[in-house]
Ligand SMILES: Nc1ncnc2c1ncn2[C@@H]1O[C@H](COP(=O)(O)OP(=O)(O)O)[C@@H](O)[C@H]1O
Ligand SMILES: [Mg+2]
């Protein structure tokens, strides 16, 4: 595998019951670049992300992350997940833990850090996403935008090689969307490798190195954002863009 490729999907397929959700997905994610995935509801976008950190297992094909085939038998799933941070639409914070504890939990349990070490790392990461001073709040005591920042800080604290975002702004009030997109943009500029499912076409156009259009479990088109948005090659993408732009 070329050293410029952080993640390599090769003919990844996945079926739930009788529904084939992913069909022969082959895709390279260049290191240090953002790939945005767009497509209609049910096209398999979330399943693709979930396969990338083995929340779902492909039925066939392989996924290599930094040269390691994570789909091979005997993969250390916990080790692999420390390399792949994921941020969800609905934040998935632990409601009974405060902000700081949400970020330190995996640092202590998975990384084996001491409480002091984990606290210091978490505080720095929380400050970096604009949450200094909110460490002792519960998730229910902060806004949706702040909750999503906690989720991002929690993922980044693990020092991942790749970040996955699954519609990270879709559950937010409109006035909070921009702040989260700015955090994601800064992360992209800092050189993080990112795979981002989004309906924010402006973000995709401005930040993505490549955009992938999925429909019915297939990658229909891949390209530079300008080309993909301005010169769609397939009727299906043209129709989709007409609906969302
Ligand atoms: N755990 C699951 N069990 C059964 N069907 C699923 C499961 N997850 C997703 N699906 C189905 O797979 C298809 C693709 O889902 P998903 O990956 O969530 O698409 P998207 O994120 O593009 O909306 C949908 O038809 C969905 O109902
Ligand atoms: Mg989805």
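Residue numbers (the numbering used here): 10 to 254.
The beta-carbon is built from N, C-alpha and C at its ideal position, and this holds for glycine as well.
Check, Outcome
"Residue 254 - DSSP class collapsed to helix/strand/coil", "coil"
"Proximity test, residue 20 beta-carbon vs ligand 2 heavy atom, cut-off 7 Å", "no"
"Where residue 94 falls: helix, strand or coil (DSSP)", "strand"
"Cβ-based burial, residue 189 [other Cβ within 10 Å; buried from 16]", "buried"
"Nearest-angstrom Cα separation, counted from residue 82 out to residue 195", "36 Å"
"Buried versus exposed call for residue 181 [16 or more other C-beta atoms within 10 Å across all chains shown]", "buried"
"Contiguous beta strand (DSSP E) assignments of at least 3 residues, all confined to the stretch 93-123", "93-96"
"Uninterrupted alpha helix (DSSP H) stretches inside the stretch 59-96 (no shorter than 4 residues)", "86-92"
"Any non-hydrogen atom of ligand 4 closer than 7 Å to residue 56 Cβ", "This structure does not include ligand 4; its bound ligands are ligand 1 and ligand 2."
"Simplified DSSP state of residue 175, which is helix, strand or coil", "strand"
"Start-to-end residues for the alpha helix (DSSP H) that takes in residue 210", "210-216"
"Euclidean distance between Cα positions of residue 212 and residue 205", "10 Å"
"Secondary structure of residue 163, DSSP reduced to three states", "helix"
"Residue 52 CB to nearest heavy atom of ligand 1 below 7 Å", "yes"
"Cβ-heavy atom distance, residue 30 to ligand 1, below 7 Å", "yes"
"Pairwise C-alpha distance: residue 98 and residue 85", "26 Å"
"Minimum C-alpha distance to residue 249 - residue among 36, 27, 47, 41", "47"
"Contact under 8 Å by Cβ, residue 7 with residue 44", "There is no way to answer for residue 7, as the model of the chain reaches only from 10 to 254."
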